[in-house]
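Mapping the sequence shown onto UniProt numbering, position 13 (from 1) lands on 13, and the numbers just tick up by one. Remarks on the structure that follows.
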Amino acid sequence: MAVDDRRAARAVRTPPSVVVRCAGDTAVLRDLRAGLEEEGVPVRVEDGGSGDAVALAFGAAQASSLDVGIGVAAGGAVCVHHAKRPPDSPALTGTARDARLLGHNAARLVTGIPVKTS
1 MAVDDRRAAR AVRTPPSVVV RCAGDTAVLR DLRAGLEEEG VPVRVEDGGS
51 GDAVALAFGA AQASSLDVGI GVAAGGAVCV HHAKRPPDSP ALTGTARDAR
101 LLGHNAARLV TGIPVKTS
């Protein structure tokens with residue numbers, strides 16, 4: 001690999017972040033971002049298209065360089081997934097009301113700190 005090839009590859013890399021895929025209410029994103037940012041973990045939001053929260057979260061976890069993803073379904077369900085878990089076994093689930101706490105706990109999965117219960 002030539003030096004120029006490596007520089008080009010580095011230029012297209014994205015910084016490490018938790019990926020959020022949203023197919024539902026984007027108002028939930030504000031609370032999710034707040035929870036993640038309060039824990040000091042960067043976040044990248046992508047359009048999720050359609051699907052349930054678990055499938056969106058698993059896809060987001062696969063796309064995240066930190067192996068943690070969040071899915072927001074059209075019905076308001078929110079799911080946190082880790083890339084090393086089975087696709088149908090999310091780490092955490094909740095509703096739009098729990099979004100900030102789920103953001104905190106997604107960040108804590110990345111950093112290895114125990115999750116918050118309330």
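By construction, the Cβ of each residue, glycine as well, lies at the ideal position given by its N, Cα and C atoms. Source: prediction; values computed, not measured.
For this session: Select from Val41, Glu38, Ala77, Glu39 the residue whose C-alpha is nearest the C-alpha of Ala57.
Result: Considering only alpha carbons, the answer is Ala77.
Problem set entry | Beta-bridge partners of Glu46, as assigned by DSSP | Under the DSSP definition of a beta bridge, Glu46 partners with Arg21.
For this session: Assess, as a yes-or-no matter, whether the stretch 38 to 51 is touched by the stretch 92 to 99 under the definition of 3 or more beta carbon pairs within less than 8 Å.
Result: No, the stretch 92 to 99 is not in contact with the stretch 38 to 51.
Problem set entry | Simplified DSSP state of Thr111, which is helix, strand or coil | In the structure shown, the three-state DSSP call for Thr111 is helix.
Exercise. What number of angstroms, rounded off, separates the C-alpha of residue 183 from the C-alpha of Gln62?
Worked result: The structure shown has nothing for residue 183, since the chain only spans 1 to 118.
Exercise. Nearest-angstrom Cα distance between Thr14 and Val43?
Worked result: Rounded to whole angstroms, Thr14 to Val43 spans 11 Å at the Cα level.
For this session: Decide if Ser89 is buried, meaning its Cβ has at least 16 other Cβ atoms within 10 Å, or exposed.
Result: Per the 10 Å Cβ criterion, exposed.
For this session: Measure the CB-CB distance between Gly103 and Ala34 and report whether it falls below 8 Å.
Result: Remark: C-beta atoms of Gly103 and Ala34 approach each other more closely than 8 Å.
For this session: With a cut-off of 8 Å on the beta carbons, I'd call Leu109 and Val80 a contact; round off their distance for me.
Result: About 7 Å separates the beta carbon of Leu109 from that of Val80, a gap short enough to meet the 8 Å contact definition.
For this session: Determine the extent of the beta strand (DSSP E) in which Gly71 is found, giving its start and end residues.
Result: Gly71: member of the beta strand (DSSP E) spanning 68 to 72, first to last residue.
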